[in-house]
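Notes for the one structure printed next.
Residue numbers (the numbering used here), protein chains in the order written: chain A, 236 to 430; chain B, 78 to 1080.
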């Protein structure tokens, strides 16, 4: 879809999967914008009384359906799309958390006076930021596990979904998640206590 | 840390995890040798693994919430002009585009519309071409349940748009959940959706995108289907567009409701809508989607839709029900209502993978739902037969078909039981109980005369007709009962030798139940609950009256005392299971009874006179997942349980021991196909089952005195008959003036009318439907006029004796129909949502009637030959009656601030005049408000009810106070009609009561 007017997301994903990292830079804002639009549509749908518990995973699935030509979609595209979406979600969260901390320190980015519903406390914000840092380090030493964390923690995907996206076994995902979680936990509690 | 170091850490961590915790330290010491950093690192991870992790919180959804909260740039379409409409605000967004609220911009008149702007990227030319082709067809979709499509076109920047009726409402699923709608309410709404779809299907229009979001329930409670035909306009099927994704768009946005053929992109037919309707019905019944589990990947969902067999709705309910079982004494959660195999079959038939095996049209689906709700045999078969047998309605159906081919359905019975179950505790609003009686009270007896019938003595203890529950004192001398008036309950007691009851607990808003005397007889215990709660609290108060004290919270079911009064048995739910517990009389010392894991729903319990056994009611599933009642006996000492009798009861609601301990009495549906709940007796020794009562009414609750064979129960009944009498407006009629015309029970309940040649058209109830009959003025020569298998009611006869105009549901909705006086040549005259209360004008040329749209009744008139009706005003009104000269219409004005009898000129153009009649409209069923003119046109006759007795009154048109025309001392008047010469009056009279009956059991 979006064929006539929108950038070819499917094609970009294909490029990205072939190693064209510039494609990622193009994809990221597109996915971001689509997620934002879908979220807004969800909010509007409340008018019609449909449920409006917006789950990240539903959001990402919907974005995938909207943005990727299902007929041309290849298996790798799916994995890459979900990977990008999880990165977008990560970006949104971390950006939000940083703004929150900045605001707290009088950084003055006033537009983000937060919605009461978005329960991102200072504590949680700090934790998110340090986790993000730790995850960056982790990606250097174990890229696959870092990806699993990103998909699961920021993208909201289940172990089964992650297994499908990364084309690995669910048991591997389960085991890797446990290991990664334990390691990251040592990193962020360390950084927190260091403060 | 390098990747290599990490791999070592990881390896040790996982190896250590595989070991029992106490071996890990040793393992790490050995493995790490002198590398303390490595060991500490892994140990820290092991510790982290055991502790709560920050990573287990769900931040992903928080991210989604942040997106929700973000402000977006102002929608550039707001205030834009599209066609003749100005865009006001965005009201929704979907895969195809955005829906805005618009108003007409040409200042002609203010009209709110919904403007659907198709998003960029769709093939505008193609859509518009198709729209032009289909425009007329879509514009002709003129059904009150379908949102109209007014217009379409393209914007300046070449985007297609559609202008549609603006509907304010909420999705059907949301509506049902918010209102906690009952099964029957859900089915009735769903049937309306089917009716609307069927209407479109007859015009060759398939919706293609039926889903809850497209089915709104308006603020008036009516159904509106949105976007009919729109999906097709957007769904490119031409070969040149076939390789774009456009054709997929609509589907993929809502794959959950798409049929297998839509997913496979093969031919879309009305059967595709039937499938989507099946998914909707499944959701309405169970609250879940047949295939969708949490958040499946779309391809997984698509695969399941094409390949997997859906579960039966009843199995879904059943698995939930175990966690949250129903409580027969208290209102149940409607979505937990039992789903019968017939309903399962209907859903499964709609959900067949092969379109040819589904209902061929939404009409058929609606018809089966209707058959089900009315207790007929449904056409859907179990085991997903390829060749469904369509069953036409006929009398004696259940016995005419072998069980192998069709399933004799119990809903007629079932429904009454469903309704009864919810009525058991709460006295229902009058209308509902009326319906209930009507549905259940007309069956022929199938049982032989009662074994006990000639040995028992039955007497009526109360006369209020509004009793919900009763209990008898231990010595049998005193009956306490709950009386409900205007929704408020109070407790009364009555000595057997004193005709006057005593108020022992004043009115309360709480719902009361489980009334029981202590064995000493000095106190009464009862459960009180707020109506919205499922569980109540137990209270006690002196039997002579006085303040209540709370005994215990969280008590459900009925309690019963041990013979020495020291403790009582009660039921409590915990973790989705029923437990029988005991507590001391003051509510302390709560003990579990020895058995803990009884695998069924437990109802009320009764403690045996010797204190050794507790009898309790159970609802258990049989092999076909039907819920059957059973009586179990529990040994208080050993905890051993034993089933008493193998009889397959239907619902079994209450149990009580006889004083000598040799038998228990129960209130139960004799079997699943029985029409009503009767009292039965079962002996303990050899489980002989005997009937105690044998009538067509229902009994609620049972209480037996400890020291005498006195049983009390509450009996609910409705009876009406058609009577005739000589009419003289100067002499007040009394009961002695009456001659009985028709004795069939419930005759005339839905209307009667004289013909010019002195015959009477009247309704009878047959197979749960109201049908019209004709008889001579003396009651002879009764002849059937309608046999529609659908309600036919409220007849009006033309003065030239040619036509009867009446209301019929033969076409699905309640519309006016016309037939010749001999019953021939039936034609449908009107096509509103609900049209009713027809009255033919004195010149026989037109009919005034009530048109109900979205729950609001307004007056209208239509030619005797049909055609487009003319509305006679926008105010809420009903029960029109035309003056003898045809110039004035009397009616009931039903506006909230001004209600009462009113008149207006029959052209409807000038204002109405309202009488100051003291008129009890609020909360009264329709029949109490029937209006008829006097012969001279100077007065309007109406019915006035007073404490279950009604009389005819006359409101002079001159405006004086009304006067009483009759002086009946008994019974309610449900309907009346005058012979053309006003020499005779026909009346439908009867009673509708629930009162305490005392039954003296044989010793």
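Think of the CB as a built atom: it goes at the ideal place given N, C-alpha and C, for glycine as much as any other residue.
Query                                                                                                                     : Result
Three CB pairs or more closer than 8 Å across the stretch 265 to 282 of chain B and the stretch 437 to 452 of chain B     : yes
Cβ distance (whole Å) where residue 354 (chain B) is taken to contact residue 454 (chain B) below 8 Å                     : That pair is no contact at about 21 Å.
Cβ-based neighbour list, residue 922 (chain B), same chain, cut-off 6 Å, excluding 5 preceding and 5 following            : 941
Residue 851 (chain B) versus residue 436 (chain B): straight-line alpha-carbon distance, rounded                          : 37 Å
Simplified DSSP state of residue 1010 (chain B), which is helix, strand or coil                                           : strand
Interfacial residues, the stretch 372 to 394 of chain A to chain B, with Cβ spacing under 7 Å                             : 376, 377, 388, 389, 390, 391
One or two residues paired with residue 892 (chain B) in a DSSP bridge                                                    : B:885
Spatial distance of residue 96 (chain B) from residue 248 (chain B) (CA atoms)                                            : 54 Å
Residue 316 (chain A) and residue 396 (chain A) closer than 9 Å at C-beta                                                 : no
Cβ distance (whole Å) where residue 655 (chain B) is taken to contact residue 648 (chain B) below 8 Å                     : 6 Å
Straight-line Cα distance separating residue 898 (chain B) from residue 47 (chain B)                                      : No information on residue 47 (chain B) is available, as it lies outside the stretch 78 to 1080 that chain B covers here.
Residues near residue 738 (chain B) in its chain [Cβ-Cβ closer than 6 Å; skip 5 each side]                                : 685, 686, 687
Members of the stretch 313 to 335 of chain A near chain B, C-beta cut-off 7 Å                                             : 324, 327, 328, 331
Beta-bridge pairing of residue 71 (chain B) - partner residues as DSSP gives them                                         : The structure shown does not extend to residue 71 (chain B), since chain B is modelled only from 78 to 1080, so the question has no answer here.
Contact with chain A by residue 195 (chain B), beta-carbon distance below 9 Å                                             : no
Distance, residue 1033 (chain B) Cα to residue 681 (chain B) Cα                                                           : 56 Å
Listed by chain order, chain A residues near residue 144 (chain B) by CB distance under 7 Å                               : 270, 271, 274, 327
Short CB-CB distance (under 9 Å) between residue 261 (chain A) and chain B                                                : no
Inter-residue spacing [alpha-carbon to alpha-carbon] between residue 351 (chain A) and residue 756 (chain B)              : Confidence is the limiting factor: at residue 351 (chain A) the pLDDT is only 33, short of 50, which leaves the residue's position unreliable, though a coordinate-based value still follows. Rounded to whole angstroms, residue 351 (chain A) to residue 756 (chain B) spans 59 Å at the Cα level.
Inter-residue spacing [alpha-carbon to alpha-carbon] between residue 533 (chain B) and residue 1079 (chain B)             : 6 Å
Cβ-Cβ distance between residue 801 (chain B) and residue 855 (chain B) below 9 Å                                          : yes
Buried/exposed call for residue 1043 (chain B), threshold 16 Cβ in 10 Å                                                   : buried
For residue 830 (chain B), the residue or residues it bridges with in DSSP                                                : B:838
Distance, residue 914 (chain B) Cα to residue 957 (chain B) Cα                                                            : 7 Å
First and last residue of the uninterrupted beta strand (DSSP E) at residue 130 (chain B)                                 : Looking at the DSSP string, residue 130 (chain B) is not in any beta strand (DSSP E), and its letter there is neither H nor E.
CB contact check: residue 409 (chain A) to chain B, cutoff 9 Å                                                            : no
Limits of the beta strand (DSSP E) - the one that residue 190 (chain B) falls within                                      : 189 to 195
Closer than 8 Å at the beta carbon, the chain A residues around residue 105 (chain B)                                     : The contacting residues do not exist; residue 105 (chain B) stays about 14 Å from chain A at best.
Residue environment, residue 746 (chain B), which counts as buried when at least 16 other CB atoms sit within 10 Å        : buried
Pairwise C-alpha distance: residue 645 (chain B) and residue 638 (chain B)                                                : 4 Å
Whole runs of the alpha helix (DSSP H) within the stretch 196 to 236 of chain B, excluding any shorter than 4 residues    : 201 to 216
Rounded C-alpha distance that separates residue 356 (chain B) from residue 290 (chain A)                                  : 23 Å
contact_flag[the stretch 759 to 772 of chain B, the stretch 1034 to 1053 of chain B] where n(CB pairs < 8 Å) is 3 or more : no
Where residue 362 (chain A) meets chain B, residues with beta-carbon distance less than 8 Å                               : 131
is_contact[residue 82 (chain B), chain A] using C-beta, thresh 9 Å                                                        : yes
C-alpha gap between residue 1075 (chain B) and residue 775 (chain B), whole angstroms                                     : 14 Å
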